[in-house]
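Below is one structure; the comments refer to it alone.
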Amino acid sequence: MINFRGFLQVLVAGIIMLLVSACATTPKADLAASRDIFHHSADVVQQAAVNALILTGFQLTKKEKNYLQGNRPLKPGLIISSGGETVGVWLNLVSPDKTQVKIHTTKTFIGYVGQKDWGNEILYKITKELSGQQ
Amino acid sequence: MKTCLKKCMLLMVVSFVTGCAMQSQFYHLGEKYPPTPESVVIELFWDDMPSRKFIKISRLDVHIENTHFVSASFADALPELKRQARLSGAHAITNIRESSSSMGETRIYHVTATGVRYLK
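Protein chains in written order, with my numbering: chain A, 1 to 134; chain B, 1 to 120.
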């Protein structure tokens with residue numbers, strides 16, 4: 001005899017897990033709405049971008065020559081949870097002392113309401129880091 | 001009904017426990033040094049600089065995010081800031097900069113500082 005209630009619980013849990021995993025997409029460079037050019041070399045801008053990610057609460061999950069990826073840990077709240085976003089930062093060398101930065105934030109299905117696009121804030125933090133204000 | 005209430009309370013307790021996140025890290029600004037021993041007291045300099053000769057050796061970051069409208073302060077970050085300074089081989093913490101913001105019911109607090117090492 002099949003336990004219908006147990007089967008239903010497993011099914012609901014499976015659907016939730018599928019939604020969580022399926023909606024945590026990878027950032028894409030061509031979808032990056034936040035972009036800016038900085039008058040510094042790629043190495044200097046990359047370090048400033050790493051600092052900017054740390055300042056905005058991202059954990060660095062990927063660090064490549066021209067790409068950084070970070071994730072904000074998900075924290076449950078009373079009404080709205082916070083975190084869960086993944087951000088991709090692309091660094092393109094325009095000239096030896098000029099670097100373009102493109103940022104794309106992806107959100108997850110769970111916690112979507114408490115998540116935001118961090119692109120502009122990260123660009124602002126990079127600017128502050130490069131000007132030595134932070 | 002009683003079971004449901006118990007489950008709800010358990011969920012709330014779990015939610016309160018997991019509603020806080022602290023991230024911290026340091027990186028060396030140049031040469032790497034071994035961690036400072038526990039016996040050495042890490043000094044704190046808010047506005048002034050150490051009178052002894054020193055070199056800047058590390059950047060220190062502590063980031064705290066609390067949900068449930070609970071704010072964090074420098075006191076909450078200090079133990080972790082000192083731990084990061086010690087791990088980086090610093091003898092003192094200088095150039096302390098705080099920032100705080102909020103997002104919904106989340107309160108964000110961040111402190112950045114510079115670890116310095118005394119020269120003999």
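For glycine and all other residues, C-beta sits at the position ideal for the given N, C-alpha and C. From a predicted model like this one, the values you see are computed outputs, not experimental measurements.
Q) In the region 50-108 of chain B, which residue ranges form an unbroken beta strand (DSSP E) of at least 3 residues, counting only runs that do not cross its ends? A) 54-66 and 92-103
Q) Closer than 7 angstroms, Cβ to any Cβ of chain C: which residues of the region 43-70 of chain B, in chain order? A) No chain C appears in the structure shown, which is made up of the protein chains A and B.
Q. When you compare only the Cα positions, how much space is there between P35/B and A92/B?
A. On the second sequence, residue 35/B is found 35 positions in, with the first residue counted as 1. On the second sequence, residue 92/B is found 92 positions in, with the first residue counted as 1. P35/B and A92/B: Cα-Cα distance of roughly 13 angstroms.
(Q) Using CA atoms only, rank isn't needed, just tell me which of G132/A, T86/A, Y124/A and Q59/A is closest to V101/A. (A) Position 101 of the first sequence holds residue 101/A. The candidate whose alpha carbon is nearest that of V101/A is Y124/A.
(Q) Along the region 90-114 of chain B, where does the CB come closer than 7 angstroms to a CB of chain A? Name the residues. (A) R97, M103, G104, E105, T106, I108, H110 and T112
Q: Can you give me the Cβ contacts of Q69/A inside the same chain, cut-off strictly under 6 angstroms, excluding the 5 residues immediately before and after it?
A: Locating residue 69/A in the first sequence gives position 69, where the first residue counts as 1. Cβ neighbours of Q69/A beyond the five flanking positions: T61, K62 and G88.
(Q) Just checking: is the beta-carbon of A21/B within a distance shorter than 8 angstroms of some beta-carbon in chain A? (A) Taking the second sequence and counting its residues from 1, one reaches residue 21/B at position 21. Chain A, which has a Cβ nearer than 8 angstroms to the Cβ of A21/B, makes this yes.
(Q) In whole angstroms, give me the CA-to-CA distance for T105/A and Q23/B. (A) The residue given as residue 105/A occupies position 105 in the first sequence. The residue given as residue 23/B occupies position 23 in the second sequence. T105/A and Q23/B: Cα-Cα distance of roughly 20 angstroms.
Q. For the 8 angstroms Cβ check, are there 3 or more pairs between the region 73-92 of chain B and the region 109-127 of chain A?
A. no
Q.
For Q69/A, report the span of its beta strand (DSSP E) as first-last.
A. Working through the first sequence from its first residue, we reach residue 69/A at position 69. Note, Q69/A: beta strand (DSSP E), Y67 to N71.
Q) Skipping 5 residues on each side, what residues in its chain have a beta carbon closer than 6 angstroms to that of G114/A? A) Position 114 of the first sequence, counted from the start, is the residue given in the question as residue 114/A. If we look at G114/A and ignore the five residues flanking it on each side, its Cβ neighbours are I80, S81 and S82.
Q: Would you mind working out which of V116/B, Y118/B and V111/B sits nearest I54/A, comparing C-alpha positions?
A: Here residue 54/A is taken as the residue at index 54 of the first sequence, counted from 1. Measuring C-alpha to C-alpha distances from I54/A to each of V116/B, Y118/B and V111/B identifies V111/B as the nearest.
Q.
Measuring only the C-alpha atoms, how far is I42/B from Q84/B?
A. Sequence index remark: in the second sequence, residue 42/B carries index 42 (1-based). Sequence index remark: in the second sequence, residue 84/B carries index 84 (1-based). Taking the straight line from one Cα to the other gives about 11 angstroms.
Q | K62/A (DSSP reduced to helix, strand or coil) | A | Counting from 1 along the first sequence, the entry for residue 62/A is found at position 62. Note: K62/A maps to strand in three-state DSSP.
Q.
Give me, in chain order, the residues of the same chain whose beta-carbon lies closer than 7 angstroms to that of E80/B; leave out the 5 immediate sequence neighbours on both sides.
A. Within the second sequence, residue 80/B is the residue found at index 80, counting from 1. Excluding positions up to five away in sequence, the list reads M22, S24 and V62.
Q: Starting from the Cα of K28/A, find the closest Cα among V50/A, F4/A, Q46/A and G119/A and give me that residue.
A: For the purposes of this step, residue 28/A is taken as residue 28 along the first sequence, with counting starting at 1. Taking only the C-alpha atoms, the option nearest K28/A is G119/A.
Q) Checking contacts by CB at 8 angstroms: is K116/A closer than that to chain B? A) As a first step, residue 116/A must be located in the first sequence, where it is residue number 116. Yes - at least one Cβ of chain B is within 8 angstroms of the one on K116/A.
Q) According to DSSP, what are the bridge partners of S82/A? A) Along the first sequence, one-based indexing puts residue 82/A at 82. According to DSSP, which records beta bridges pairwise, S82/A is partnered with K75/A.
Q.
How far does the alpha helix (DSSP H) with V40/B in it extend, from its first residue to its last?
A. Working through the second sequence from its first residue, we reach residue 40/B at position 40. That residue, V40/B, is in no alpha helix (DSSP H); it is neither H nor E in DSSP.
Q) Between L87/B, K53/B and E98/B, which lies nearest to A75/B when the distance is taken from Cα to Cα? A) Mapped onto the second sequence, residue 75/B falls at position 75. Out of L87/B, K53/B and E98/B, E98/B has the C-alpha closest to the C-alpha of A75/B.
Q. Since Q84/B meets chain A, which of its residues come closer than 9 angstroms, beta carbon to beta carbon?
A. Position 84 of the second sequence, counted from the start, is the residue given in the question as residue 84/B. Those within 9 angstroms of Q84/B in chain A number zero; the least Cβ separation is about 12 angstroms.
Q. Can you round the beta-carbon distance between G115/B and S73/B to whole angstroms, since I take them to be within the 8 angstroms contact cut?
A. Against the second sequence, residue 115/B aligns to sequence position 115. Against the second sequence, residue 73/B aligns to sequence position 73. So it is not a contact: roughly 21 angstroms between Cβ atoms.
Q. Quick one: does I122/A have its CB under 8 angstroms from some CB of chain B?
A. Here the question's residue 122/A lines up with position 122 in the first sequence. Using a Cβ-Cβ cut-off of 8 angstroms, I122/A does not count as an interface residue toward chain B, since no Cβ of chain B sits closer than that to its own.
Q. In chain B, which residues lie less than 9 angstroms from L55/A when you measure between Cβ atoms?
A. Stepping through the first sequence from its first residue, residue 55/A is reached at position 55. What L55/A touches in chain B: D61, H63, S99, H110 and T112.
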